[in-house]
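Asker: The opening residue of the sequence shown carries number 481 in the numbering used here; numbering runs sequentially from there.
Positions of the beta carbon are idealized from the N, C-alpha and C atoms, including for glycine.
All values reported here derive from a predicted model rather than from experimental measurement.
My questions all concern the structure below.
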Amino acid sequence: MNLDKEIFNLIEKENTRQINGVELIASENFVSEQVKQAVGSCLTNKYAEGYPGKRYYGGCEIVDEVETLAIDRAKKLFGVEYVNVQPHSGSQANAAVMLACLNAGDKILGFDLSHGGHLTHGSPVNFSGILYNAIFYGLNKEGNLDYDNIENIALKEKPKMIICGASAYTKDWDYERLRNIADKIGALLLADISHPSGLIASKLLNDPAKFCHIITTTTHKTLRGPRGGMIMVGKDFENPFNQKFKSGKLKSMSTLLNSAVFPGSQGGPLEHVIAAKAVAFKEALDSRFVDYSKQVIANAKTMVSEFIKLDYNVVSGETMNHCMLIDLRSKNINGKTAEDILQAGDITVNKNMVPFDTESPFITSGIRIGTPAITTRGLNENNCKKIVQFIDEILTNVNNLDRVNEVKFDVNNYMRKFPMFKV
Ligand SMILES: *Cc1c(COP(=O)(O)O)cnc(C)c1O
């Protein structure tokens, strides 16, 4: 039936890989059938540059309703006044925010990539570090944020924007403290909640909406929607740095953000993805999603304590969210080797820099592990103990491929007991 055998055979192979393996990449998840159907729908055919009611193309009446539903559901889910669901990705969302708020060369203060931050928070290889003057804060020796240190840097350097949020930080954030720091120097505070947004929507972590000027997120990580981004503002306000779109008077942040997404940095929105975002938001508004988020955290905490029992060095010694960082230096394995050998056992993790890493970003000294995807497949605390045993068995047999193959066989049999997510 499928004429393009090459591609559809590959999709089938990827499907088998996902079913047989243990997916522990902290930024991944498995979407529901309805989310997948929306992404694969006829909405992909539609051009809709602009916003609901103000489009540059005809025939947008129905996608207007789709996008409006997505916005309304996101507002309810996060308790915010303004939402833009058009960013194609988390990186695009951050690019639009910076375009709306900064001039080229302005100073931004972000969380160091090698300590758990993200490329778009000022890395020299990313637009954020190329266009803006980026400086960083990091973790202390214990692997925690040091807010006094952040305040000292901010008071000395006076960045125009402070960015909080991370791709690999296992503690919660004190948004109130960061807002106090930002207010002392008149800086804007951006919270990038790409990783924990599902847990925040479930009200299991601190709420950034009260304290941060702007919030960005992806929709495909703990939020369990399609790949994409989103921008939110808790309470709309006039942007104090309104140089970019000067018109003689201050413009509201929401107006500036809309302009910065389209036409500022994107063309037509992906209405099929926006429909899938709306489906995911509806799922996340259901109380079963809160149960899911609680299980995500319980599973991560269980894995951390199992790793500690087996003498692994867990960065900062605990987790309060969905992920953990394991420093493998005490086990004499680097991150790259660990990633490769675990993959040979059909366990997918990613190598990751650990604070004060002595290896390059291509090798690294650690791995990052997350529980959102396996929790979606129905694994509980007991199952997570078993997964840690599989990981330990593989990592203690790095040079014994026969043994790794045996474990892989057990892993495949174990995972086939857990069906993919259906709603
Ligand atoms: C994942 C992530 C992003 C980027 O998301 P993409 O959709 O991959 O562009 C941005 N910020 C943080 C903190 C992230 O973890």
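1. Taking three-plus beta-carbon pairs below 8 Å as touching, is the segment 531 to 540 in contact with the segment 757 to 775?
2. Which term fits residue 837, buried or exposed, when burial requires 16 or more other beta carbons within 10 angstroms of its beta carbon?
3. From which residue to which residue does the beta strand (DSSP E) around residue 670 run?
4. Tell me the rounded alpha-carbon separation between residue 632 and residue 804.
5. Following a CB-centred definition, is residue 602 positioned closer than 6 Å to any heavy atom of ligand 1?
6. Are the beta-carbon atoms belonging to residue 580 and residue 740 less than 7 Å from one another?
7. With DSSP run on the structure shown, which of helix, strand or coil describes residue 732?
8. Over what stretch of residues does the beta strand (DSSP E) that includes residue 876 continue unbroken?
9. One question on the structure: do residue 565 and residue 756 come within less than 7 Å of each other, judged by their Cβ atoms?
10. Does at least one heavy atom of ligand 1 sit under 6 Å from the Cβ of residue 672?
11. Should residue 810 go down as buried or exposed, given a rule of 16 or more other Cβ atoms within 10 Å for buried?
12. Considering only residues of the same chain and omitting the five flanking positions on each side of residue 660, which have a CB-CB separation below 6 Å?
13. Would you give the residue range spanned by the beta strand (DSSP E) that residue 563 belongs to?
14. Going by alpha carbons, who is nearest to residue 576 out of 772, 696 and 717?
15. If we count the other Cβ atoms within 10 Å of its Cβ and call it buried at 16 or more, is residue 584 buried or exposed?
16. Output the distance between the C-alpha atoms of residue 845 and residue 590, rounded to the nearest integer angstrom.
17. Kindly examine ligand 1 and report whether one of its heavy atoms sits closer than 6 Å to the Cβ of residue 596.
18. Compute the beta-carbon to beta-carbon distance between residue 643 and residue 672, rounded to the nearest angstrom, for a pair I have assumed lies under 8 Å.
19. Taking 6 Å as the cut-off, is the CB of residue 427 close to at least one heavy atom of ligand 1?
20. Across the segment 551 to 569 and the segment 748 to 763, are there enough close Cβ pairs to call them in contact, namely three or more that are closer than 8 Å?
21. Which residues in the same chain as residue 519 place their Cβ atom closer than 7 Å to its Cβ, once the five residues preceding and following it in sequence are excluded?
22. Between which two residues does the alpha helix (DSSP H) carrying residue 558 extend?
23. Quick check: the Cα distance between residue 549 and residue 688, rounded to an integer number of angstroms?
24. For the structure I just gave you, are there three or more beta carbon pairs, one from the segment 865 to 878 and one from the segment 820 to 831, closer than 8 Å?
25. Assuming residue 826 and residue 501 make a contact with CB atoms under 8 Å, what is their CB distance in whole Å?
26. From this set, 510, 587 and 489, which residue's C-alpha is nearest residue 700's C-alpha?
27. How about residue 797: is its Cβ closer than 6 Å to a heavy atom in ligand 1?
28. Is it true that the CB of residue 779 sits closer than 7 Å to the CB of residue 851?
29. Check for me: the beta strand (DSSP E) holding residue 696 runs from which residue to which?
30. Under the DSSP definition of a beta bridge, which residues are partnered with residue 691?
31. Please report the straight-line C-alpha distance between residue 592 and residue 485, rounded to a whole angstrom.
32. Sort 652, 637 and 646 by Cα distance to residue 683 and report the nearest one.
33. What are the boundary residues of the alpha helix (DSSP H) that residue 774 is part of?
34. Just to confirm the assignment, what range does the alpha helix (DSSP H) spanning residue 583 have?
35. Based on the DSSP output, what are the partners of residue 713 in its beta bridges?
36. Find out if the Cβ-Cβ distance for the pair residue 638, residue 665 is shorter than 7 Å.
Answerer: Quick look at the numbers:
1. no
2. buried
3. 668 to 672
4. 28 Å
5. no
6. yes
7. strand
8. It is not in any beta strand (DSSP E) - residue 876 carries neither H nor E in the DSSP assignment.
9. no
10. yes
11. exposed
12. none
13. 562 to 564
14. 696
15. exposed
16. 23 Å
17. no
18. 6 Å
19. Here the chain has residues from 481 to 903 only, and residue 427 is not among them.
20. yes
21. 706, 752, 753 and 756
22. 541 to 558
23. 23 Å
24. yes
25. 4 Å
26. 510
27. no
28. yes
29. 694 to 698
30. Answer by DSSP bridge pairing: none, since residue 691 is not bridged.
31. 44 Å
32. 652
33. 767 to 789
34. Careful: residue 583 lies outside any alpha helix (DSSP H) and carries neither H nor E.
35. 562
36. yes
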